[in-house]
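Taking it in order: structure first as structure tokens, then the write-up.
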Amino acid sequence: MLVSLDHRPIENIEADALVIPAFEGERPPCFTEVLAELFDSGEISGKALEMTLLHRLPGMQARRLLVVGAGKRERFNGVELRKAAGAAVRFLKSKSVRQIVFAPPDGAPASVAASIEGAIAGEYEPDRYKSQKNGDKAIEQFAVAAPEDAALKTVLHRSRIIAECQNWARDMVNEPANRLTPSEMAERARVMAAEFNLECEVLDRDRMQQLGMGALLGVAAGSAEPPVLVVLRYRPGGAADGHPVHLGLVGKGVTFDTGGISIKPSDNMEKMKYDMAGGAAAIAAMRAIAQLKPALPVTAVVPAAENMPGSRAQRPGDIVTALSGKTIEVLNTDAEGRLLLADALAYARHLGCTHLVDAATLTGAIVVALGHMNVGLFGSDEKLTERVLNAACVTGEKMWRMPLEDDYKDYLKSAFADLPNVGGRWGGAISAAMFLKEFADPAPWVHLDIAGTAWLDDAKPYLAKGPTGVPVRTMVQLVLDWTE
Ligand code: BES
Ligand code: ZN
Ligand code: ZN
Numbered sequence: 040m041l042v043s044l045d046h047r048p049i050e051n052i053e054a055d056a057l058v059i060p061a062f063e064g065e066r067p068p069c070f071t072e073v074l075a076e077l078f079d080s081g082e083i084s085g086k087a088l089e090m091t092l093l094h095r096l097p098g099m100q101a102r103r104l105l106v107v108g109a110g111k112r113e114r115f116n117g118v119e120l121r122k123a124a125g126a127a128v129r130f131l132k133s134k135s136v137r138q139i140v141f142a143p144p145d146g147a148p149a150s151v152a153a154s155i156e157g158a159i160a161g162e163y164e165p166d167r168y169k170s171q172k173n174g175d176k177a178i179e180q181f182a183v184a185a186p187e188d189a190a191l192k193t194v195l196h197r198s199r200i201i202a203e204c205q206n207w208a209r210d211m212v213n214e215p216a217n218r219l220t221p222s223e224m225a226e227r228a229r230v231m232a233a234e235f236n237l238e239c240e241v242l243d244r245d246r247m248q249q250l251g252m253g254a255l256l257g258v259a260a261g262s263a264e265p266p267v268l269v270v271l272r273y274r275p276g277g278a279a280d281g282h283p284v285h286l287g288l289v290g291k292g293v294t295f296d297t298g299g300i301s302i303k304p305s306d307n308m309e310k311m312k313y314d315m316a317g318g319a320a321a322i323a324a325m326r327a328i329a330q331l332k333p334a335l336p337v338t339a340v341v342p343a344a345e346n347m348p349g350s351r352a353q354r355p356g357d358i359v360t361a362l363s364g365k366t367i368e369v370l371n372t373d374a375e376g377r378l379l380l381a382d383a384l385a386y387a388r389h390l391g392c393t394h395l396v397d398a399a400t401l402t403g404a405i406v407v408a409l410g411h412m413n414v415g416l417f418g419s420d421e422k423l424t425e426r427v428l429n430a431a432c433v434t435g436e437k438m439w440r441m442p443l444e445d446d447y448k449d450y451l452k453s454a455f456a457d458l459p460n461v462g463g464r465w466g467g468a469i470s471a472a473m474f475l476k477e478f479a480d481p482a483p484w485v486h487l488d489i490a491g492t493a494w495l496d497d498a499k500p501y502l503a504k505g506p507t508g509v510p511v512r513t514m515v516q517l518v519l520d521w522t523e
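So for the sequence shown, our numbering puts the first residue at 40; every next one is plus one.
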């Protein structure tokens with residue numbers, strides 16, 4: 040789908056379809072009497088994502104006009120605008136429309152960005168392995184009606200790259216575990232790095248053994264698929280030195296989580312292919328960063344492994360020594376993400392990262408706490424937390440701050456090692472975060488638990504079922520904001 044800007048007055052726009060949002064309880068901007076009548080009769084109410092498709096309206100060049108409900112004006116924001124754009128694209132796609140012009144309620148840069156990102160995300164279908172694709176119905180062109188303004192060209196360029204990288208992450212997350220092994224994940228990172236001029240290094244099992252990544256290696260022990268640790272480096276202007284800040288993006292890359300010996304129930308286990316969504320997001324964010332070239336050094340560290348039971352698998356009660364030197368009693372082999380991240384966070388610090396942001400499908404408990412609407416955000420540092428929350432606000436990836444207080448350390452007591460890998464029954468997402476903190480400290484660090492938000496169980500009008508690509512956009516925005 041090509042994206043562009045369209046500066047013509049709305050009435051003069053020729054297109055297969057022109058899309059305008061209409062607010063609840065407000066007359067839509069009236070091109071014609073028809074719209075006014077439909078509003079007055081109640082047929083167009085403006086309720087969120089209501090679709091009214093009209094053909095060949097007098098006084099308009101566009102062949103169709105789609106009025107998308109935008110909900111109440113007071114509630115309207117970037118999140119709602121993204122939904123409206125995404126839903127419009129998906130709706131028109133089903134009508135075999137090829138070319139769309141979308142007119143956001145205003146021409147502000149944030150509105151243009153949201154329209155483009157919503158449209159690109161909405162257009163995506165996870166249909167790689169379907170012989171019968173919707174491809175023949177693909178939208179060819181999506182333009183945003185906006186005033187002529189140089190700043191908007193930059194917005195267009197950025198938003199397109201960011202949203203494409205979000206979809207790139209979704210493709211990777213949707214790969215089944217037989218196709219996307221840890222080695223394959225590394226291979227994709229390598230190919231991407233070569234294309235976009237990033238440095239890429241992949242640590243293999245021998246190297247991890249030399250370094251002493253006992254926590255990561257323990258997780259991988261049960262699988263015939265060897266683990267990898269992917270490192271992608273972006274250096275502004277070619278040099279990483281001289282910058283006081285070096286951001287580390289760390290992502291959980293469990294290509295499949297059976298639970299290991301503490302095996303999961305079989306119901307829904309197929310979904311555990313998305314347990315690498317955090318890792319995919321970190322790699323995809325680097326793909327955008329490499330193209331947008333901000334003035335901040337960023338390194339992604341993605342530990343990838345498959346969590347399997349088997350005669351070589353680690354057992355409950357095993358004690359492993361992490362890269363940091365701390366010993367961990369593995370009370371539950373299904374709490375594997377934090378083991379991978381323990382070594383990855385320590386390694387990121389070893390590589391010189393001064394600030395850390397990790398993303399992980401870490402706990403079922405965060406889904407209990409926040410449902411599927413918000414990413415669980417844990418921050419050890421106020422400034423960094425604020426940066427991430429601000430970035431999330433811009434990108435519309437909703438995040439909710441969770442507590443991270445030393446009191447919760449009480450949940451992490453092991454009789455036989457420095458730490459257990461699970462806390463008690465309560466506050467599972469928090470004890471998981473407290474565990475990670477032991478390995479991120481003393482670096483300012485934010486942990487994003489995306490277990491509830493990285494996968495959509497049912498399609499929404501604005502987004503296909505499956506991987507969402509969270510939190511690619513926020514990771515990229517964080518980096519862009521840092522230097523501007
Ligand atoms: N990958 C899971 C968490 C998860 C659950 C992600 C649901 C997506 C949807 C993680 O490795 C896990 O199994 N966590 C356990 C931890 C427990 C054993 C302390 C959990 O949440 O049940
Ligand atoms: Zn698990
Ligand atoms: Zn897991």
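Using N, Cα and C, we set each Cβ at its ideal position, and we do this for glycine too.
Query                                                                                                                                                                          : Result
Taking the alpha-carbon of PHE115 as reference, which of GLU63, THR400 and ARG103 has the nearest alpha-carbon?                                                                : GLU63
How many angstroms separate the CA atom of ALA124 from the CA atom of ARG354?                                                                                                  : 49 Å
What is the DSSP secondary structure of GLY161, reduced to helix, strand or coil?                                                                                              : helix
For my contact list, LEU44 and LEU195 are in at a C-beta cut-off of 8 Å; report their separation, rounded to the angstrom.                                                     : 6 Å
Any residue with its Cβ nearer than 5 Å to a heavy atom of ligand 3 should be included. What is that list in chain order?                                                      : VAL293, ASP296, ASP314 and GLY376
Rounded to a whole number of angstroms, what is the C-alpha to C-alpha distance between GLU89 and PRO336?                                                                      : 44 Å
How would you write the range of the alpha helix (DSSP H) that ALA398 sits in, first residue to last?                                                                          : From DSSP, ALA398 is part of no alpha helix (DSSP H) but of the beta strand (DSSP E) over 394 to 399.
In angstroms, rounded to a whole number, what distance separates the CA positions of LEU378 and VAL341?                                                                        : 13 Å
Can you have a look at ILE306 and say buried or exposed, based on whether 16 or more other CB atoms are within 10 angstroms of its CB?                                         : Checking the sequence, you will find Asp at residue 306 rather than Ile. Counting Cβ neighbours within 10 Å, ASP306 comes out exposed, since fewer than 16 surround it.
Can you determine whether any heavy atom of ligand 2 sits closer than 7 Å to the C-beta of GLY525, and answer yes or no?                                                       : Because the chain spans 40 through 523 in this model, residue 525 falls outside it and cannot be assessed.
Just the C-alpha distance for GLY276 and LEU237, rounded to the nearest angstrom, thanks.                                                                                      : 12 Å
Exposed or buried, GLU234, counting other C-beta atoms within 10 Å across all chains shown (16 or more means buried)?                                                          : exposed
Give me, in chain order, the residues of the same chain whose beta-carbon lies closer than 7 Å to that of ALA126; leave out the 5 immediate sequence neighbours on both sides. : LEU88, VAL107, GLY161, PRO500 and TYR501
Where ALA185 and THR434 are concerned, what is the direct C-alpha to C-alpha distance, given to the nearest angstrom?                                                          : 20 Å
Based on DSSP bridge pairs, tell me the residues matched to TRP484.                                                                                                            : LEU395
Scan the stretch 416 to 456 and note each continuous beta strand (DSSP E) run of 3 residues or more that stays entirely inside, going in chain order.                          : 438 to 440
Whole angstroms is fine: what's the gap from ARG209's alpha carbon to GLU76's?                                                                                                 : 42 Å
Grab me the residues of ALA430's own chain with a C-beta within less than 6 Å of its C-beta, minus the 5 sequence neighbours each way, in chain order.                         : THR513, GLN516, LEU517 and ASP520
Less than 8 Å between the beta carbons of LEU416 and ARG440, yes or no?                                                                                                        : yes
I'd like the list of long-range same chain contacts for GLY257, defined as Cβ closer than 7 Å, with 5 residues on each side in sequence excluded.                              : GLN353, ASP357, VAL359, VAL369 and LEU378
Inspect the beta-carbon positions of ASP296 and ASN217 and report whether they are closer than 8 Å.                                                                            : no
Output needed for LEU191: all residues of its chain with C-beta closer than 8 Å, excluding positions within five of it in sequence on either side, in chain order.             : LEU44, GLY146, PRO148, VAL151 and ALA185
When you compare the CB positions of PRO491 and LEU409, do they come within less than 8 Å of one another, or not?                                                              : Reading the sequence as shown, one finds Gly at residue 491 and not Pro. Contact: yes.
Below 8 Å between beta carbons: does that hold for ALA399 and GLY290?                                                                                                          : yes
With DSSP as the reference, label HIS94 as helix, strand or coil.                                                                                                              : strand
Roughly how many angstroms lie between the CA atoms of ASN51 and LEU104, to the nearest whole one?                                                                             : 13 Å
For a test of your reading of the model: does the CB of LYS74 fall under 7 Å from any non-hydrogen atom of ligand 1? Yes or no.                                                : The identity of residue 74 in the sequence shown is Leu, whereas the question assumes Lys. No, the Cβ of LEU74 stays beyond 7 Å of every heavy atom of ligand 1.
Which word fits VAL267, buried or exposed, when buried means at least 16 other C-beta atoms lie within 10 angstroms of its C-beta?                                             : buried
In three-state terms, what does DSSP make of ASN460?                                                                                                                           : coil
Which residue spans inside the stretch 251 to 314 form an unbroken beta strand (DSSP E) run of at least 3?                                                                     : 267 to 273, 286 to 290 and 292 to 296
Only counting runs of 4 or more residues, tell me where the alpha helix (DSSP H) segments fall wholly within the stretch 152 to 220, in order along the chain.                 : 189 to 213
With hydrogens ignored, establish whether the beta-carbon of ASP357 is closer than 7 Å to any heavy atom of ligand 2.                                                          : no
In whole angstroms, what is the alpha-carbon distance linking SER222 and ALA61?                                                                                                : 48 Å
On the DSSP bridge list, what partners appear for THR372?                                                                                                                      : According to DSSP, THR372 bridges with nothing at all.
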